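Protein chains in written order, with my numbering: chain A, 1 to 279; chain B, 1 to 662; chain C, 1 to 135; chain D, 1 to 341.
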Amino acid sequence: MDKELQEIIKKLLAEKKVDWAIGYEKAYDELSTRPAFVQDANDTARLIFNKYCINNLGLYLTKFKKNKLAVVCKGCDIATVFELIKEKQFSRENVVVIGVACEGVLDKKTGKQLEKCENCRVKQPKGADFTVGTGKDSAAPKNFLDVVEFEKKSSKEKAEFWNRQFEKCIRCYACRNVCPVCYCPDCFANRTMPEYLNKNVDAEENKLFHMIRMQHVFGRCTDCKACDTACPVNIPLTLLTKKLAKDAKELFNYESGADMDVLPPLSTYNEADSESDIL
Amino acid sequence: MARIGVFVCHCGTNISGVVDVSRVAKYAESLPGVKVAVDYKFMCSDPGQNTIIDAIKTHNLDRIVVSACSPRMHELTFRNTLERAGLNPYMVEMANIREHVSWVHSDNKELATEKAMKLMEMSVSKVRRSEVLTKMFAPIEKRALVIGGGIAGIQAALDIAAAGYKVVLVEKESSIGGRMAQLDKTFPTLDCSACILTPKMVAVSQDKNITLLTYAEVTEVSGFIGQFEVKIKKKAKSVNSKCIGCGVCVTKCPNKKSLSDFDGRLGPRKAIYTLFPQAVPNVPVIDRETCTFFLTGKCKICEKVCPTSAVDYTQQDELITEKFGAVVVATGFDIYDHSSYGEYGYGEIKDVISSLQFERLISSSGPTEGHVVRPSDQKEVKNVVFIQCVGSRDESKKRPYCSRVCCMYTAKQAMLLKDHYPETQSYVFYIDIRAAGKNYEEFVQRAQNDYGVVYLRGRVSKIYERGNKLLVKGADTLSGAQVEIEADLVVLANGLEPRKGAKEFSQLFHMSSDQYGFYNELHPKLAPVETAISGVFVAGCCQSPKDIPDTVAMASATAAKVCAIFAKEKMEVEPLIAGVNQLTCSGCETCYNVCPYSAIEMKDKEVKRGEVRHVAEVLESVCKGCGVCVGACYSKAVDLKGFSERQILSQVETATMPITNS
Amino acid sequence: MESKVKEINIVGFLCNWCSYAGADMTGLGRNIYPSNIKVIRIPCTGRMDPMMIIEAFHNGADGVLVSGCHPGDCHYTEGNFYWRRRYPHLKSLLEHFGVDRRRFHASWVSASEGKKFAEVVKKVYAEVKDWKDNG
Amino acid sequence: MAYLITKENIKNLLTDLIKLKAVFAPKKDAEDTVLFGKLSSSSEWHGDALLTHTTAKDKVYLQSETFFKIKRNKSGVTIEDGPEPEETVIFGCRPCDARGFDIIGKLFNWSNFVDEYYTKRIAKTTIICISCEKPESTCFCTSFTKGSPVNETGSDVLLTNIKDGKYLAESITDKGRKLIGDNSKYFTEASKADEEAKVTFKAEAEKKIAKKLDLAEVKRKLEPAFESVYWDTVHLPCVKCGACTFVCPTCYCFDITEKAFDNINSVRVRSWDTCMNELFTRMAGGVNPRTDTKKRFRQRFMHKFNYHVDNFKEELCTGCGRCIKACPVSIDIRKVIEEIR
């Protein structure tokens, strides 16, 4: 599989179809991989794909806007690429998507398979320009059992839960910076006029950051878990991103990155939208 | 640091009867930046305003808070006060301590006073972050574009031209006149349609201010009010300007294979044709899809017979770009295609015709020269059944609206028929008679009483062909009886619907349309001819079905609106609008997608030296300051002047803080 | 323990054209309502930046009310339609973070519905109080 | 002086200390995150993990330190100092963490520049460190002159598990001696053999650390490498978050801001900052000398292994390897500096 992947990229680079190829390479130990940037057709031998390839490489597309790129994507990462194209961050012609069949990836911190991989319906990538390998999609759809379970808590319990989480937060912004849709040139968290967020790091201020970030990525977040796995202190951000996915689906029947022709839910409206909760 | 003055109004006892105004003023004095705080009986009175002006001068104030009534009441008053004192008028904020405090919290004076203090403090916070705003001016191209050469477009063009402004009238057919030119007579006066229309058409062609572009279509629009840039495609007519309109070419053209759309496809049309005899301009065009020369390369008879050598087969489509300050859209309507009605024979029974076909049959310039005969066998008719509400008021056909003119034209057609053929008998199946209009009800009554037209309230369930007759089966719901009428001809009252392609056309201007495709007016009551796009107006049936008088009135209204724009030297733009900080814009187009006024333009721009990015820009003369873009922008690149993020956030912070130092 | 009236702080965002005018109408009609609401005037509910609501709760607001024109009445034709989408999502998200649903409300109040505005504030006040008192 | 203390007695010691001081020790939470948390009972101490997810740095050099609060009114301004530090024990950190305090401490006492906030806190903090038996794959402390799994620099007391359940306790500083003296009932005197056992422990522990860098060579290569093309590509995966610097025991950069509550009340706060953040060098006028990721990325390595060495004769790194594990894209600090061209 690695060989096939390397050959495709080698050809793309050699034929100057792309300026850069972004894939994975081995990192510091057997359990870790990191993003690899390849410019030279003779430098593709280091590219690999395995169950430790956890990063969503769609992240880098917004950072290399001016180049033609080939990017290695797991089925789930392709949604990110499409979402970004929808948000006009680059054009489809400038990116070659190399889909890799994936049997699920492991969190390097826990060694456990990510929860999202259990009911994955894109183990066989869809919408890619090239596909390497074959994967068997899960028959069961994505479920929101953990979110539903969490929703049953009282608001006090929820607040206490998050308070404990955000006490841990060190505001390193790894969650934001690995997020493919957090591409704003100047994040609200950096602003001083007005100062939406104080530099002071405490549970309340940290929570404010996460609340606003979650609101900003609503309807755009593909629930790729990049933020969740990046967090150095294991804050279960998946509980939030999954909630966003659930709400987008339930409130607006929207799935990020799924349909190129549908605008994100907050960018449009329907005259028949529900208003059951409005006084 | 800001130098703020706070002025607390008693409003007689309206406020001071409940709120301890001196405490409010005292609290204001304790706030940082507040240099002076006073209370006064009537802040809005002349002495009250003078107090403010004096304080501005004495204390060198640069921002003002007036704690008084609703800003909806007196914000303008105090803006003017500031202007008189030499301050920027947008440096005033009002704290509404009357409508929102004293009048509604009279049950607890202590709490009311505290709330008044808080609201005042919030306004102080806000005004501290106010910015100097100045009105902007934008240039205006004083030329109007009128799209559609029907009666609406004609009227709008004439009215604008009469005011002395230049107009370009674009019509996609080879002649102006539109639907009205197809009609025989008009209700409720029964005067001849052509007799009242053609003088206006001629007036258009003779008006020096009007440039007429027929056989032309608008293909691309950019820009905004005052500065629209429009691409117009002038289709090749194959006849040049040397044509004197003698019509020899049309007479001699051997090709009559096509049917005339203008005549409801009841008669033939030559390959070189004018729409109708009184066409303006009276210049024929060649339909290249049917012309023998263009199909086979042989014929050229028209070229040979033309006395002025006006036929030019080499003509090409031409694309021109013109600038306009305002646009009137009057693209008209199509009639509902009744082939979806199974009970009326799916449009396949020859002698079941549409109302427009009837107009052409009875028109003396029509295909039968005014003889009402059956399309199937050209025989004259005796019994005629009219069926109303075809593609109107019909939920099953997704046309639940009333087309407004069908009741009237059906009565008219039945009367005209009787006038021409006194022996005929007409029957009208109807749901309700809608004859709201000057002399309209009287008109329908005349049809029944003086012309003996039989009105049957009910729907037709089936039309059969029996022998050479049509058997019309229906119910008369008033008598409860089943009715069966043997008819020679059935005329359907087809409803009105938007032109085919109306949706695509509306996208040229980013206009919105309703679920049927009729263009949306800005406000259904108070802005019926404006659209959400500044400088674009709608007239006639492209907005909704209406009759000729309403259409003409609407057209004149659009002309008045256009003239009101052109009458100004420059366009004044309210400064309370959105603005984009392109350095922080991520180019995601969210604002572009949500703006109700298409006031956002996406551009590739050099935002930093050497850094070209796809970013949003607000068209200042188009933005109306709703702020939807600000609420939607997650990059926080758009902000709204007068209601900026800084201002609102400071209000939020102040509102949630306990009252300090009191 | 019953919280004191004074301790409840509600921030109200009212659109200029309908709800703010409606609240003015409440005054004209002298309809009494709880003084806990502090009103911030915005041009349109479409201007309502969800961040401002999050900030309000962060700053310690007990309740937030956003009120605008009835659907179809928006001065800017569609601003409230966009708000109508942001509201349920924001409410659901805030609830997930532990902001009780009794604390965040939206309403449609037209310029003529002065009485309704008073009723809305009373209702919001009651809900917020219920949350404060009973958790 | 060296003593012995049993694991049982360590717990007893903790129980006693908790009553008197704020005791921070590794605690594990429901998400398996191990962080230095304030103990309320000795059973909360989680001694199994080698490294906590973040260092104990933030217990002395607070992530957000309130300098003072300002209250303003018409008559003037009143200033209220931030909270006074309390007596603190950091228990169960590792030699690499402890050495971090030594490195930062030098900086915060650099010639005449004394940071009173840090100095006040460290004076009230006693650090009880535990030697490492088995390294993680990311460990490389032995690359440093002073680095070792049993290194004592920065610690007040160093505990080494020389035989099952028995720890050799060495008092390094006066603070350490005082702590052992105050709680002498839990300590017994160590024998010569016990002290020798530590030597064996050290040799074995150091042997297990596979990676050893030649830092002199690194420094030599870094000096002329500012303009090297090496940086053009090596930074590419970096997402410029601050995870590496915030989990680092030696990164000390900060920002001072004032949180204003509507111009009436405000607080002045010092918060950690990170050279990875664009704001770190952005000036008020908008000019930013380190405009892109490459420059920021380069700065981190230049600072740690070049500039800091010039000023302090030691690297700004202890080899704990946390940044490698915390990095969302698995950038390996060892590899980066090793491959410099």
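Here a beta-carbon is modelled for each residue, glycine too, at the ideal position from N, C-alpha and C.
This structure is a prediction, so every number in the text was calculated from the model and none was measured.
Would residue i pass as an interface residue toward chain D - the criterion being a Cβ-Cβ separation below 9 Å?
i, result
"A/Arg220", "no"
"A/Asp202", "yes"
"A/Tyr269", "no"
For residue i, would you say it is in contact with chain B, using Cβ-to-Cβ distances shorter than 9 Å as the test?
i, result
"A/Ser276", "no"
"C/Ser3", "Because C/Ser3 carries a pLDDT of 49, less than 50, the predicted location of this residue cannot be relied on, and the following value inherits that uncertainty. Cβ-Cβ to chain B under 9 Å: no for C/Ser3."
"C/Trp131", "no"
Listing by chain order, which chain C residues have their CB less than 7 Å from the CB of residue i?
i, result
"B/Cys626", "Pro43, Cys44, Gly46, Arg47, Tyr76, Gly79"
Starting from the beta carbon of residue i, find every residue of chain C whose beta carbon is closer than 8 Å, and list them in chain order.
i, result
"B/Thr656", "Asn9, Val11, Ala56, Asn59, Gly60, Ala61"
"A/Ile235", "Here the premise fails: no neighbours, minimum Cβ distance about 13 Å."
"B/Gln651", "Ile40"
Which residues in the same chain as residue i place their Cβ atom closer than 8 Å to its Cβ, once the five residues preceding and following it in sequence are excluded?
i, result
"D/Gly165", "Thr6, Lys7, Glu8"
"B/Pro277", "Ser365"
Establish whether the CB of residue i and some CB of chain A are separated by less than 9 Å.
i, result
"C/Pro71", "yes"
"B/Ser662", "Confidence is the limiting factor: at B/Ser662 the pLDDT is only 44, short of 50, which leaves the residue's position unreliable and the question unanswerable from this model."
"B/Asn439", "no"
"B/Tyr634", "yes"
"B/Met602", "yes"
"D/Ile331", "yes"
"D/Arg334", "yes"
"B/Ala2", "no"
Along chain A, in chain order, which residues have C-beta atoms closer than 7 Å to that of residue i?
i, result
"C/Pro50", "Gln215"
"D/Phe246", "Ile170, Cys172"
Is residue i close to chain F, meaning its C-beta is less than 9 Å from at least one C-beta of that chain?
i, result
"D/Arg220", "Any reference to chain F falls outside this structure, whose protein chains are A, B, C and D."
Looking at chain C, is there any beta carbon in it that lies within less than 9 Å of the beta carbon of residue i?
i, result
"B/Ala326", "no"
"A/Asn143", "no"
Name the chain C residues whose beta carbon is nearer than 9 Å to that of residue i?
i, result
"A/Leu279", "Leu65, Ser67, His105, Ala106, Ser107, Trp108, Val109, Lys116, Glu119, Val120, Lys123, Val124"
"B/Asp514", "Going along chain C, no residue has its Cβ under 9 Å from B/Asp514, so there is no contact; the nearest lies around 12 Å."
Go through its chain and collect everything with a Cβ distance to residue i's Cβ below 6 Å, but skip five positions before and after it.
i, result
"A/Ile85", "Arg92"
"A/Gln113", "Gly104, Leu106"
Closer than 8 Å by beta-carbon distance: list the chain A residues that pair up with residue i, in chain order.
i, result
"C/Ser92", "Lys243, Asp247, Leu251"
"B/Gly579", "Residues of chain A passing the Cβ test: none, with the nearest at roughly 14 Å."
Just to confirm my understanding: we take residue i, look at its own chain, exclude 5 residues before and 5 after, and list those with CB closer than 7 Å. What are they?
i, result
"A/Glu205", "Leu197, Asn198"
"B/Phe294", "Arg288"
"C/Ser3", "Because the pLDDT at C/Ser3 is just 49, under 50, the model does not fix this residue reliably, and the value given afterwards should be weighed accordingly. Excluding sequence neighbours, C/Ser3 sits near Lys129, Lys132, Asp133."
Could you list which residues in chain A have their beta carbon closer than 9 Å to that of residue i, in chain order?
i, result
"C/Asn95", "Before going further, note that residue 95 of chain C is Glu rather than Asn in the sequence given. Result: Glu151, Ser155, Lys158."
Under 9 Å between beta-carbons, which chain B residues line up against residue i? List them in chain order, please.
i, result
"A/Cys227", "Near A/Cys227 there are no residues of chain B at all, since even the closest Cβ is about 16 Å away, more than 9 Å."
If the cut is a Cβ gap below 9 Å, which residues of chain D does residue i touch?
i, result
"A/Val178", "Val239, Cys241, Pro328, Val329"
Quick one: which unbroken alpha helix (DSSP H) runs of 4-plus residues sit fully inside the segment 133-193 of chain B? Chain order, please.
With a minimum length of 4 residues, the continuous alpha helix (DSSP H) runs that stay inside the segment 133-193 of chain B are 151-162.
So within the segment 77-122 of chain B, which uninterrupted beta strand (DSSP E) runs reach at least 3 residues, ignoring any that extend past its ends?
Here the runs fully enclosed are 92-96.
My parser needs the alpha helix (DSSP H) runs of 4 or more residues fully inside the segment 145-194 of chain D; what are they?
174-182, all fully within the segment 145-194 of chain D.
Go through the segment 209-292 of chain B residue by residue and report every complete run of the beta strand (DSSP E) that reaches 3 residues or more, in order.
Those beta strand (DSSP E) runs which fall completely within the segment 209-292 of chain B and span 3+ residues are 210-213, 216-224, 227-234.
Inside the segment 66-93 of chain D only - beta strand (DSSP E) runs reaching at least 3 residues
Runs of the beta strand (DSSP E) inside the segment 66-93 of chain D: 76-81, 88-93.
Please give the ranges of any alpha helix (DSSP H) in the segment 389-449 of chain B, keeping only runs that are unbroken, at least 4 residues long and fully inside the region.
The segment 389-449 of chain B contains these whole alpha helix (DSSP H) runs: 406-420, 440-449.
Is there contact here, the segment 175-183 of chain B with the segment 197-214 of chain B, by at least three beta-carbon pairs under 8 Å?
Between the segment 175-183 of chain B and the segment 197-214 of chain B, the count of C-beta pairs closer than 8 Å reaches three or more; the two stretches touch.
Scan the segment 551-633 of chain B and note each continuous beta strand (DSSP E) run of 3 residues or more that stays entirely inside, going in chain order.
Here the runs fully enclosed are 570-573, 578-580, 600-608, 611-618.
Please determine if the segment 54-67 of chain C and the segment 133-149 of chain B are in contact, where contact requires at least 3 C-beta pairs separated by less than 8 Å.
The count of Cβ pairs closer than 8 Å, one atom from the segment 54-67 of chain C and one from the segment 133-149 of chain B, stays below three, leaving the stretches out of contact.
Sequence ranges, alpha helix (DSSP H) only - wholly within the segment 121-195 of chain A, length at least 4:
If we require 4 residues or more, the alpha helix (DSSP H) runs fully inside the segment 121-195 of chain A come out as 145-151, 155-168, 174-178.
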